[in-house]
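**Q** Residue numbers (the numbering used here): 1446 to 1638.
Beta carbons: idealized from backbone N, C-alpha and C, even for Gly.
Keep in mind the model is a prediction, meaning the values are calculated, not measured.
Here it is as C-alpha cells:
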C-alpha cells in the first residue's frame, strides 16, 4: 500500500524523515506491487498501473513544477535492482504514452472548435446571400426567407459554441495533460529504508 507517512523504529525514523524532507515527491512502498494494479497478473513490463498510485502521484505533484523527482522508499529486504530498472522503464513509457494521448485529445477538441466556427461562418455567408435577393411573393422567395431564418441562428450557434470550446477547454483533459507532461520528464529513484 502506498503511504505518505510510515511508523518505523526510532533509529530508522530520523533517516526516513530527512529523506522525505529533501525529496520533492516521496512515496513509501511495502512492495513493488503497490505501484501496479492488484487485478493484473502480468509481469511489471506489461502490467497496468494502480489507480491508487496514479491518484497519489497526481495529488503529490499537483503543486510541483516540471523536473519533479519521484522517489520510492522500499524496504531493504524486498529491493531488486532488476525490478527497479524494469519499473522505471514501464513508468516512463506509461507517462509518455498518456501525455501524447492527452495532448492528442486536446488538439482534437480544438480542431472540433475551429470546425464549428468555420461551419458557422459558412452558414452566415449563405444566410447573407439569401437575404440579398430581391423580395417577391413567389415560392422561391419564401423558401429563401425560410432558409435565412434557419441559417441565422445556426451560424451564430456554431460560431459561439466553437469559440466557447476554444476558450473553455475541458478542465479534466487539461489537468491530465499537465500531469502527464510533468511526469514524462520525472526522475525516478528507489531508496531502501
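Less than 6 Å between C-beta atoms, sequence neighbours within five positions excluded: which residues of the same chain meet that for residue 1515?
**A** The residues are 1470, 1631, 1633.
**Q** Under the assumption that residue 1635 contacts residue 1519 (Cβ atoms under 8 Å), give the Cβ distance between them as a whole number of angstroms.
**A** Their Cβ separation, rounded to whole angstroms, is 5 Å, which keeps residue 1635 and residue 1519 in contact under 8 Å.
**Q** Taking just the CA atoms, how far does residue 1601 sit from residue 1552?
**A** Using only the alpha carbons, I get a separation of about 23 Å.
**Q** Contact between the stretch 1593-1610 and the stretch 1488-1507: three or more CB pairs below 8 Å?
**A** Verdict: no, contact absent.
**Q** Closest to residue 1590 by CA distance: which of 1572, 1603, 1623 is it?
**A** The residue with the shortest Cα to Cα distance from residue 1590 is 1572.
**Q** Using a C-beta cutoff of 8 Å, does residue 1518 count as contacting chain D?
**A** In the structure shown, chain D does not exist; there is a single protein chain.
**Q** How is the alpha helix (DSSP H) around residue 1636 delimited, first residue to last?
**A** Note, residue 1636: premise wrong, no alpha helix (DSSP H); beta strand (DSSP E) at 1632-1637.
**Q** Evaluate residue 1513 with the Cβ neighbour count: other Cβ atoms within 10 Å of its Cβ, from every protein chain shown; 16 or more gives buried, anything less gives exposed.
**A** Its Cβ being crowded by 16 or more others within 10 Å, residue 1513 is buried.
**Q** Measuring alpha carbon to alpha carbon, tell me which residue in 1612, 1525, 1550, 1543 is nearest residue 1562.
**A** Of 1612, 1525, 1550, 1543, the residue nearest in Cα terms is 1612.
**Q** Drop a sphere of 10 angstroms on the beta-carbon of residue 1449, count the other beta-carbons inside from all chains shown, and report buried for 16 or more, exposed for fewer.
**A** For residue 1449, the predicted model reports a pLDDT of 45, less than 50, meaning its position is unreliable; a value from the coordinates is still stated below. Label assigned to residue 1449: exposed.
**Q** So does the stretch 1478-1489 actually touch the stretch 1516-1536, counting three or more Cβ pairs closer than 8 Å?
**A** Short answer: they touch.
**Q** Does the pairing of the stretch 1521-1535 with the stretch 1609-1626 give three or more beta-carbon distances under 8 Å?
**A** Touching, no, given that fewer than three Cβ pairs across the two stretches are closer than 8 Å.
**Q** Which one or two residues does DSSP pair with residue 1514 in a beta bridge?
**A** Partner(s): 1632.
**Q** Within 10 angstroms of the Cβ of residue 1476, are there 16 or more other Cβ atoms? Answer buried if so, exposed if not.
**A** Burial call: exposed.
**Q** Please work out which residues of its chain come closer than 8 Å, Cβ to Cβ, to residue 1618, disregarding the five sequence neighbours upstream and downstream, and give them in chain order.
**A** Cβ neighbours of residue 1618 beyond the five flanking positions: 1547, 1550, 1551, 1554.
**Q** What's the call for residue 1647, buried or exposed, on a 16-neighbour Cβ count within 10 Å?
**A** Only positions 1446 to 1638 of the chain appear in this structure, which leaves residue 1647 out of reach.
**Q** Once the 5 residues before and after residue 1568 are set aside, which same chain residues still bring their CB inside 7 Å of it?
**A** The answer, listed in chain order, is 1596, 1599, 1600, 1603.
**Q** What does residue 1470 pair with, by DSSP beta-bridge criteria?
**A** In the DSSP output, where bridge partners are listed per residue, residue 1470 has 1515.
**Q** Please report how far the alpha carbon of residue 1620 lies from the alpha carbon of residue 1542, in whole angstroms.
**A** Roughly 16 Å separates the two Cα atoms.
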